[in-house]
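Have a look at the structure below before the remarks.
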Amino acid sequence: MKILKINVYGFGKWQDQQFDLTSGLTVFSGPNEAGKSTLRQFILSVLFGFRTKRGADRYLRYEPKNGSKYGGELLIEAQGQQYLITRVKGKSGGKLTVTNVKAQAVLPNETLENLLGPVDETLFNEMFSFSQTELAEVRQLNRDEFRKRVLKIGAVGSDQWIGLQSSFEKSADKIYAPKGRVRPLNKLLKKYETLSEEIQTAAKETAEYKSQLASVNENRTKLIQLQKEISERNAQLDKLKHDLSGWEAYQRYLEISSKLDVKFSKMPSDSIETIEHLHQQLEETRQVIKNLQEKINNLEQEKQENPRILFYRSHQQQLKEIQQNLTSIQNTSTQTSRLKKAQSEIDEEKAQIQLQIGTKEGVPEPFDNTEFMNLQADLKQKNEKDHLKQTIQAQIVELQNKLLQTNNSGEGQFAGKPKSIFLVISILVIIVPWLVNLSLGIKLGLLVLGLLGVVGSHFLFANKKQASNADLNEQLESLKKQLQEIMAQLNDLNNQITEIGGEKGLEQSDPQTWPAMQNDLTRFKQLTQSEQTNESQIKKNQQTISEFTKKIRLLADWVVLTGTIDQQIENIDTYFKEITNDQQEFQKTKQDLQYYQDRLNQLKLENKKNQDLETNQLQKLSLTDWHSFVTAKDLQLEQNHLETQCAQLKQQLGEVTLTDLQKFNTQEEIQKQLNAQEELLSQLRAEQEKLVEQKTVLGTQMQQLANDETYANLQQQKANLEAEILAQTRNWLTEKLAAQWIDETLSVASQGRLPRIMANAEQYFSLLTNKRYNKISFDDETIVVFDANHQNYEVGELSQGTAEQLYVSIRLAFVKVMADLIDLPIIIDDGFVNFDSVRKQNVMTLLDQISEQHQVIYFTADDESDNSNTGAQIIRLN
Numbered sequence: 001m002k003i004l005k006i007n008v009y010g011f012g013k014w015q016d017q018q019f020d021l022t023s024g025l026t027v028f029s030g031p032n033e034a035g036k037s038t039l040r041q042f043i044l045s046v047l048f049g050f051r052t053k054r055g056a057d058r059y060l061r062y063e064p065k066n067g068s069k070y071g072g073e074l075l076i077e078a079q080g081q082q083y084l085i086t087r088v089k090g091k092s093g094g095k096l097t098v099t100n101v102k103a104q105a106v107l108p109n110e111t112l113e114n115l116l117g118p119v120d121e122t123l124f125n126e127m128f129s130f131s132q133t134e135l136a137e138v139r140q141l142n143r144d145e146f147r148k149r150v151l152k153i154g155a156v157g158s159d160q161w162i163g164l165q166s167s168f169e170k171s172a173d174k175i176y177a178p179k180g181r182v183r184p185l186n187k188l189l190k191k192y193e194t195l196s197e198e199i200q201t202a203a204k205e206t207a208e209y210k211s212q213l214a215s216v217n218e219n220r221t222k223l224i225q226l227q228k229e230i231s232e233r234n235a236q237l238d239k240l241k242h243d244l245s246g247w248e249a250y251q252r253y254l255e256i257s258s259k260l261d262v263k264f265s266k267m268p269s270d271s272i273e274t275i276e277h278l279h280q281q282l283e284e285t286r287q288v289i290k291n292l293q294e295k296i297n298n299l300e301q302e303k304q305e306n307p308r309i310l311f312y313r314s315h316q317q318q319l320k321e322i323q324q325n326l327t328s329i330q331n332t333s334t335q336t337s338r339l340k341k342a343q344s345e346i347d348e349e350k351a352q353i354q355l356q357i358g359t360k361e362g363v364p365e366p367f368d369n370t371e372f373m374n375l376q377a378d379l380k381q382k383n384e385k386d387h388l389k390q391t392i393q394a395q396i397v398e399l400q401n402k403l404l405q406t407n408n409s410g411e412g413q414f415a416g417k418p419k420s421i422f423l424v425i426s427i428l429v430i431i432v433p434w435l436v437n438l439s440l441g442i443k444l445g446l447l448v449l450g451l452l453g454v455v456g457s458h459f460l461f462a463n464k465k466q467a468s469n470a471d472l473n474e475q476l477e478s479l480k481k482q483l484q485e486i487m488a489q490l491n492d493l494n495n496q497i498t499e500i501g502g503e504k505g506l507e508q509s510d511p512q513t514w515p516a517m518q519n520d521l522t523r524f525k526q527l528t529q530s531e532q533t534n535e536s537q538i539k540k541n542q543q544t545i546s547e548f549t550k551k552i553r554l555l556a557d558w559v560v561l562t563g564t565i566d567q568q569i570e571n572i573d574t575y576f577k578e579i580t581n582d583q584q585e586f587q588k589t590k591q592d593l594q595y596y597q598d599r600l601n602q603l604k605l606e607n608k609k610n611q612d613l614e615t616n617q618l619q620k621l622s623l624t625d626w627h628s629f630v631t632a633k634d635l636q637l638e639q640n641h642l643e644t645q646c647a648q649l650k651q652q653l654g655e656v657t658l659t660d661l662q663k664f665n666t667q668e669e670i671q672k673q674l675n676a677q678e679e680l681l682s683q684l685r686a687e688q689e690k691l692v693e694q695k696t697v698l699g700t701q702m703q704q705l706a707n708d709e710t711y712a713n714l715q716q717q718k719a720n721l722e723a724e725i726l727a728q729t730r731n732w733l734t735e736k737l738a739a740q741w742i743d744e745t746l747s748v749a750s751q752g753r754l755p756r757i758m759a760n761a762e763q764y765f766s767l768l769t770n771k772r773y774n775k776i777s778f779d780d781e782t783i784v785v786f787d788a789n790h791q792n793y794e795v796g797e798l799s800q801g802t803a804e805q806l807y808v809s810i811r812l813a814f815v816k817v818m819a820d821l822i823d824l825p826i827i828i829d830d831g832f833v834n835f836d837s838v839r840k841q842n843v844m845t846l847l848d849q850i851s852e853q854h855q856v857i858y859f860t861a862d863d864e865s866d867n868s869n870t871g872a873q874i875i876r877l878n
């Protein structure tokens, strides 16, 4: 049996938890209180039933505290079938449901009992499960107890039987021990020996005493022989009682044996595996063929061309032309957008130039090179003349001031002050207009007005000293003449500049600013030319786009042709991408269809081949089809199950008991022989009592012969002592024979498997101890192990860890040997605490080897197990 899956509804800390197990070695690793022992108890509870609510059992029920559904299920594999074992809260260990997974049929509860065989939870814990607690007890066993535990390890219920045997032996030892002194029977025998010597001394003088002594000795001999016969009859009686107790199991054995078909021809296991493998391949192939056929049908439907593909193919030439022009039209649209943006930027820059120039209606053409050079020359000459004019004017002012000073030197203060004020105002009227931005006409008018003011001030305030200033006046007149000439030249220059400005429409602006305008005028002209070029290109692009929009109306039913031209182009591009995808999908569909069709044909050939092979294999077994094979296999499984039950019952009864029971036809015959034995024992005990009476009479006669009161007292003491010794001997024999019978019975139960168990145990023990110990030997007295140097050690001389490893080796060896009769998972609950890291790795390696034929489930809190170099499945619990 193998546990494939654990599903806990509610058990202790586990609720709605699932674990998938491998059929080999599974390690549940987690710290304390992670739920390892709870999970182990869950497995046992589902297999064998929930514990009761009485006594200490109630602590192993693990009913969930939060009200979750109590119980769960195990998915197991046994005898080639999968079963779902479900156990939930209910009476008598819980409500059990057994389901055949493949047939989805609920089976009787007895199915689980048949799968488990004679194993209950107690026996499972003794045979297939152990923990650190049990290993810790090994070190506390004495030599004989350890030997017994190992020797009887294969017997059912060995712990209880060994305990009972020990109890009998302890009771017997309290009565008598071969080397004892203080035990009751030892003391009585010693006292009897002393008393006999005293009687012999008192009676040796009597002649007739010797004759009586012979009679006494003969009586004693008969008593001894009779006691031996009684012991043998007691043993036969015990054997009959044992046979009687095994009669029901023997009857079940006969009943099952009668159901076995001795003529049944079993199918070879390799043939069964071959047929099942072929049939599984057939089923898988049929399913794949079905799936392929569905895919082919779906692809055939997809292969039908859709309207969009048909439309594309019917207008393929026109649509290809449209597709080829998409990029060009996209570029044209992008260029048009860029040109329109450039036009907007040009308009903004032109407006800025107009604002800077100060014209609102239009911007003049820029100066050509000749005009620009002439303008610069005129402005330069004008500036020079202006500078010269200002210099002369300053000289004139200076001369006039001198004249004024001369004229005012003899006048009163009141008359000179108005003249000076008038003169200053006139000079300011002459100079200031040339310092501000005024038109040339205004400047000239103010110049004349200022000059008149200066001259007028001179004549207005002329005095009698005018004649003396003739020289100053002559200089003044010369300067004025020069000033007039310069003014005439300036007037000519201004007229020339004004004429140039008039031609350009710049007469309202200061000529001094005209050279600086040249760059703006040139830029304005360039912008105007670019604007015209762009406008022409925009019109051309719009014409191209308009012609394209006429062509794409062909796609009006398939593409959204509203919105901007860019949106329309994007929609058309999406259409062509979809067409490309459709064509690729269509081509892929054709390729897939061909592939699946080829694969389908190949699978049909393989299916036909496998079908022929299966038919051939079935014909070899004289079977017609798969259903007949299933029927034959089920019948064979049933025969195997009956054989297993027979073997288990035969093992339970033992060869000796089975041979004895074959001598009887009915239970009453056994009872009859048992009654006969009891009656014979009664007769023997009656005869024993007569001999005891005879012994008493002979003693009395010897007493009379001795005619000695001391002798009589001694004889009476001896008789009393013999009675007491007989009673104690009976008690001792009862306890000793019972212990001996148990020991012999358990030895018989183990002796068939013990050599194989010990051979495997030696191999395992050598592996666990790194080949330090390689041989195990035992006899009736003790168990010894031998190291690589052939040095022997008794169990008591081994360390705690090594003693535990010896016991683990024997336990695992026993499970391997018993697997042919009872195959259940091995469950170990943190059993290797006292192992060092190397031997822990060794035991993990050993468990990994055993798990190849036998499932092993190991619960541990040791993180080192996670790092073992094995193929173990690690499940970490938090």
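Just so it is clear: in the sequence shown, position 480 is 480 by the UniProt record's numbering, and no numbers are missing. Glycine is no exception: its CB is placed at the ideal position from the N, C-alpha and C atoms. Every value quoted in this text rests on a predicted model; they were computed, and no experiment measured them.
Taking all protein chains in view, the Cβ of residue 185 is crowded by 16 or more other Cβ atoms within 10 Å, so the residue is classified as buried.
A check of alpha carbon separations from residue 732 across 38, 93, 770 and 183 identifies 183 as the nearest. Around the Cβ of residue 373, a 10 Å sphere holds fewer than 16 other Cβ atoms; the residue is exposed. Cα atoms of residue 575 and residue 558: separation of roughly 8 Å, rounded to the nearest angstrom. Rounded to whole angstroms, residue 548 and residue 329 show a C-alpha spacing of 8 Å. In the structure shown, residue 531 falls within a helical segment according to DSSP collapsed to helix, strand and coil.
Collapsing the DSSP output to three states places residue 824 in coil. Cβ atoms of residue 96 and residue 112 come within 8 Å of each other, at about 7 Å. Its Cα nearest to that of residue 379, the residue 501 stands out among 501, 316, 324 and 482. Residue state for residue 852 is assigned as coil, using DSSP reduced to three classes. Ranked by Cα distance from residue 249, the options 518, 36, 654 and 24 are led by 654. Taking 7 Å as the cut-off, the Cβ atoms of residue 21 and residue 121 do not count as close. In the three-state DSSP reduction, residue 98 falls in the strand class (E or B). Bridge pairing for residue 78: 81 [DSSP]. C-alpha of residue 624 to C-alpha of residue 663: approximately 46 Å in a straight line. Under the DSSP definition of a beta bridge, residue 22 lacks any partner. Counting only runs of at least 4 residues, the segment 184-272 fully encloses the following alpha helix (DSSP H) elements, listed from N- to C-terminal order: 184-203, 207-245 and 247-259. Closest in C-alpha terms to residue 584, from the list 233, 3, 309 and 677, comes 309.
Under the three-state reduction of DSSP, residue 662 is assigned to coil, being neither helix nor strand. Here residue 858 is bridged, per DSSP, to 27 and 828.
Fewer than three beta-carbon pairs drawn from the segment 385-400 and the segment 529-541 are found closer than 8 Å, and the two stretches are therefore not classed as touching. In the DSSP annotation of this structure, residue 834 is not part of any beta strand (DSSP E), being labelled neither H nor E. The shortest C-alpha to C-alpha distance from residue 863 to any of 872, 876 and 854 is the one to 876.
In this structure, residue 299 lies near residue 589, with their beta-carbon atoms less than 7 Å apart. Looking only at 524, 492 and 278, the smallest Cα-Cα distance to residue 350 is reached by 524. No Cβ-Cβ contact shorter than 7 Å links residue 621 with residue 1. If you draw a straight line from the Cα of residue 191 to the Cα of residue 200, it comes to about 14 Å.
In the three-state reduction of the DSSP assignment, residue 33 falls in the coil class, being assigned neither a helical nor a strand state. Looking at the backbone, the Cα of residue 472 and that of residue 496 are separated by about 36 Å. Note that the C-beta distance between residue 396 and residue 520 is not below 7 Å.
The alpha carbon of residue 657 has as its nearest neighbour, out of 246, 640, 552 and 40, the alpha carbon of 246.
Under the three-state reduction of DSSP, residue 16 is assigned to strand. Contact annotation, residue 399 with residue 476: C-beta distance approximately 5 Å; criterion of less than 8 Å satisfied. Boundaries for residue 573: no beta strand (DSSP E) harbours it, while the alpha helix (DSSP H) harbouring it runs 565-620, taken from the DSSP string.
Contact check for residue 695 and residue 196: beta-carbon distance about 13 Å, past the 8 Å limit, so the pair fails to qualify. Taking C-beta atoms as the reference points, residue 82 and residue 98 fail to come closer than 7 Å.
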